[in-house]
Structures are given as structure tokens and as C-alpha cells.
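In UniProt numbering, the protein residues as written are 1 to 382.
C-beta atoms are modelled at their ideal positions from N, C-alpha and C, and glycine is treated no differently.
These numbers come from a predicted model, not from an experiment.
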């Protein structure tokens with residue numbers, strides 16, 4: 001049984017009346033965090049709230065709206081008891097007033113959302129546990145457990161009540177560092193280090209071209225006379241080309257479409273896309289460099305290299321030719337990305353929910369385009 005399948009926990013019954021706290025975690029990182037918390041969460045909640053509360057953990061997902069955002073509406077399980085509290089763990093980012101929000105509670109629905117990206121990357125399980133306790137306290141009896149609700153507040157984090165009268169409260173991060181944490185959190189969910197193994201076309205072109213540098217003496221001679229600074233500039237150029245190509249050629253750049261997608265959301269997603277792809281390309285570059293360097297050491301005899309360079313060959317020369325060959329390979333790999341499908345690029349670049357969001361928006365944009373085409377056709381007939 002997989003780790004995700006094994007995390008399904010049966011509710012523990014206790015004598016007397018008890019309230020239920022259901023943690024609904026999405027597959028992926030939310031499930032992993034829930035697994036880490038499941039052993040001690042119930043005792044922690046009971047101790048802090050001073051009530052008999054049964055905690056259960058299950059897999060589930062928040063529904064995506066047509067704009068690709070997640071909301072509680074329609075997501076809360078219908079088979080729960082009336083006094084049960086439901087808290088969702090999602091890998092999707094949340095914004096309130098253009099600012100990142102780690103948590104949101106809805107008193108009418110007796111439910112809450114904890115957005116993992118805004119929790120950063122350090123001690124995430126601990127942060128999530130505190131947010132679960134605070135959210136449960138705010139939903140169950142905010143007047144009694146006010147100290148627990150506001151325990152997660154700080155100089156930069158504060159609860160904001162919904163002015164629409166819908167009995168909602170949102171934990172808002174006020175600083176720019178909150179944006180940085182959210183982008184880094186989204187990158188972690190996207191797992192850019194997996195980009196290399198997922199893009200077969202990119203890797204095939206990159207490896208083939210870097211191998212060219214190992215076997216051709218002109219590349220050896222060129223690399224031996226290039227300064228480290230120039231090699232570094234070539235590396236930066238190759239990484240920039242690959243990053244730009246992957247984003248542009250596969251339409252990963254977000255734009256405002258028909259007023260649905262605000263500039264704030266576009267900035268958040270585009271920042272995450274740039275750093276996710278850039279990090280993935282850097283990992284690919286480093287891996288390709290190691291392979292090329294080892295290959296050059298195995299293939300090229302030191303005596304022959306000395307003869308071709310006209311000077312005593314050293315480890316530095318092997319490193320330089322591998323460096324230049326790797327940069328050539330990465331640039332060629334950008335062109336090789338055409339061999340990978342758009343779906344494989346999405347799978348390699350983004351987490352599961354982000355893939356769903358992008359597909360939802362693509363379908364919506366396609367529907368609008370079809371409607372425009374139909375309208376134009378009718379006008380032509382008229």
C-alpha cells in the first residue's frame with residue numbers, strides 16, 4: 001500500500017458526546033504533511049481546546065471554480081455531522097486583497113482552508129499544526145478560544161474579517177517576505193528537480209550535443225583559451241535560453257484573459273513559473289556537467305589532450321571542455337523540448353492541482369474562442 005493510501009485514518013470513538021475534526025488533504029504534499037501530523041494531532045487539539053474532539057484524516061480536494069481558484073463552496077463533505085469541523089489542506093495558493101493567506105475560516109460552513117504554499121518550506125508540518133489548532137478554535141468557539149485563534153498572529157500576520165458579513169476570517173501576510181515564502185512554497189510543490197528526468201526530448205538533445213564537445217578537438221581548444229568569466233557568461237546564456245524557450249514555447253506564461261485573471265495572480269504564477277523552470281534547468285545543467293566531465297575523463301587520453309592543446313593537460317582543461325560542452329548541450333536541449341508534448345511539460349513543471357488549474361483555464365479560453373468563431377460565422381452569413 002502506498003504512503004498516501006495508508007494515511008486514511010479511521011475515526012476513533014470515545015465515550016460520550018464528541019465533536020469531529022476532519023482534515024481533508026489533497027494528494028501530494030498535503031497528504032505527506034497530514035501523515036506526519038496524524039499521530040499527535042488529536043491529542044494536541046484536545047489538550048489546547050479542552051474538549052473531546054475526534055480527529056480524522058482523509059483524502060479529498062477543494063473544487064476549482066471556472067477561474068481556476070479553490071473555494072469552500074461545494075467542497076465541504078455532505079455526509080458530515082452538523083457539528084463537525086472540516087479543514088482542507090491544499091497545495092493551491094490563496095490571496096486576500098492581493099496578499100498571501102495561509103489560512104481561512106468560514107463560520108457558516110464550519111470549515112477552513114490551509115494553503116501550504118504560504119506556509120513556506122521550513123518546519124511546514126509544525127506551522128500547519130498550529131494553523132489547524134487556531135482554525136478549529138476560531139470555528140468552534142471563537143469567544144472562548146480567542147487566545148488560540150490569535151496565537152498565529154504576529155507583526156506581519158493578522159486575521160481579517162470579511163466585510164461582506166459572510167462570517168469569514170482570513171489570516172493575511174502583510175510583508176513582501178510573505179510573497180517570497182509563497183513563491184518558494186509553490187516551487188517546492190512543483191518539485192523542479194524532477195524536471196530533468198521527465199523531459200526525454202530535452203535530455204536526448206542535450207546529451208547528444210554535449211557528447212559532440214567530448215569528441216571534437218576544436219571544442220577542446222576553444223574551451224582551453226576561454227576565461228572562467230566567459231565560460232560563466234556562456235553558462236548563464238544557455239540556462240536563460242533554455243528557461244525562456246520552455247516557458248514561451250509551451251505557453252506557460254500567464255496573461256490576463258477577459259478580465260478574469262488579475263495582475264496580482266498573474267504576477268504570482270509567473271514568478272513561480274520562472275523560478276520553477278529556472279531551478280529545474282540549473283539542476284539539469286549540473287547533472288549534465290557531471291556526466292560530460294566523467295565522460296571526457298574516460299574517453300580523452302591525457303597524452304592526446306596535451307598534444308591537441310599544445311600544453312600540458314590538467315584537470316582544469318577537462319573541466320573547461322566539459323563546461324563549454326554542457327552549455328552547448330543545454331542550448332540544444334531547448335530545441336529538443338519540441339519533442340515533448342505540452343502535457344508532459346506541464347507534468348514535469350507543475351504539481352497536480354496546478355496542472356488541473358491550467359487545464360481548466362485552457363478549456364475556458366477554448367470555449368470562449370469557439371463562441372467568438374461562431375459569432376463571426378453568423379455575422380458572415382448575415
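When rounded, the separation of the alpha-carbon atoms in residue 36 and residue 44 is 13 Å. With respect to the C-alpha of residue 285, the residue from 63, 201, 207 having the closest C-alpha is 207. Spanning the alpha carbons of residue 25 and residue 229 requires a straight line of approximately 48 Å. A direct Cα-Cα distance of roughly 7 Å separates residue 283 from residue 196. DSSP, read as helix, strand or coil, puts residue 253 in coil. DSSP places residue 155 in the coil class of the three-state scheme, outside both helix and strand. CA-CA distance, residue 179 to residue 118, rounds to 8 Å. Exposed is the label assigned to residue 39, since fewer than 16 other Cβ atoms lie within 10 Å of its Cβ. In the three-state reduction of the DSSP assignment, residue 243 falls in the helix class. Look at residue 19 here: in three-state DSSP terms it is strand. Residue environment: residue 233 is assigned as exposed (fewer than 16 neighbouring CB atoms within 10 Å of its CB, all protein chains considered). Secondary structure at residue 59: strand, using DSSP grouped into helix, strand and coil. Between residue 223 and residue 320, the C-beta spacing is below 8 Å. Residue 126 counts as exposed, since fewer than 16 other beta carbons sit within 10 angstroms of its beta carbon. Within the same chain, Cβ atoms closer than 6 Å to the Cβ of residue 103 are found at 114, 131, 135, 171, the five residues on either side in sequence being excluded. The C-alpha of residue 191 is placed about 7 Å away from the C-alpha of residue 351. The shortest C-alpha to C-alpha distance from residue 42 to any of 32, 33, 34, 53 is the one to 53.
Under the three-state reduction of DSSP output, residue 327 falls in the helix class. With respect to the 8 Å criterion, residue 100 and residue 173 are classified as neighbours on the basis of their beta carbons.
Residue pairing by DSSP places residue 88 opposite 24, 113 in a beta bridge. By a beta-carbon distance limit of 8 Å, residue 84 contacts residue 20. Their separation comes to about 4 Å. By the CB criterion at 8 Å, residue 268 and residue 182 fall inside the cutoff. Of all C-beta pairs linking the region 211-225 to the region 48-62, fewer than three are shorter than 8 Å, placing the two stretches out of contact.
Within the DSSP bridge table, the entry for residue 96 names 99 as partners. Between residue 313 and the set 322, 301, 97, the nearest pair of CA atoms involves 301. The three-state reading of DSSP puts residue 296 in helix, counting H, G and I together. As the crow flies, the alpha-carbon of residue 214 is around 8 Å from that of residue 299. The beta carbon of residue 306 is closer than 7 Å to those of 312, 313 in its chain, skipping five residues each way along the sequence. In the three-state reduction of the DSSP assignment, residue 202 falls in the helix class, which pools H, G and I.
For residue 53, the beta-bridge partners assigned by DSSP are 19.
For residue 359, DSSP assigns no beta-bridge partner whatsoever. Put simply, the backbone Cα of residue 156 is about 6 Å away from that of residue 175. Sequence-distant partners of residue 276 (beyond 5 residues in either direction) whose C-beta falls short of 7 Å from its own C-beta, in its chain, are 187, 190, 192, 349. With a minimum length of 4 residues, there is no unbroken run of alpha helix (DSSP H) contained wholly in the region 264-295. Between residue 328 and residue 209, the C-beta gap is smaller than 8 Å, which places the two residues in contact. In this structure, the alpha-carbon of residue 357 lies about 17 Å from that of residue 73.
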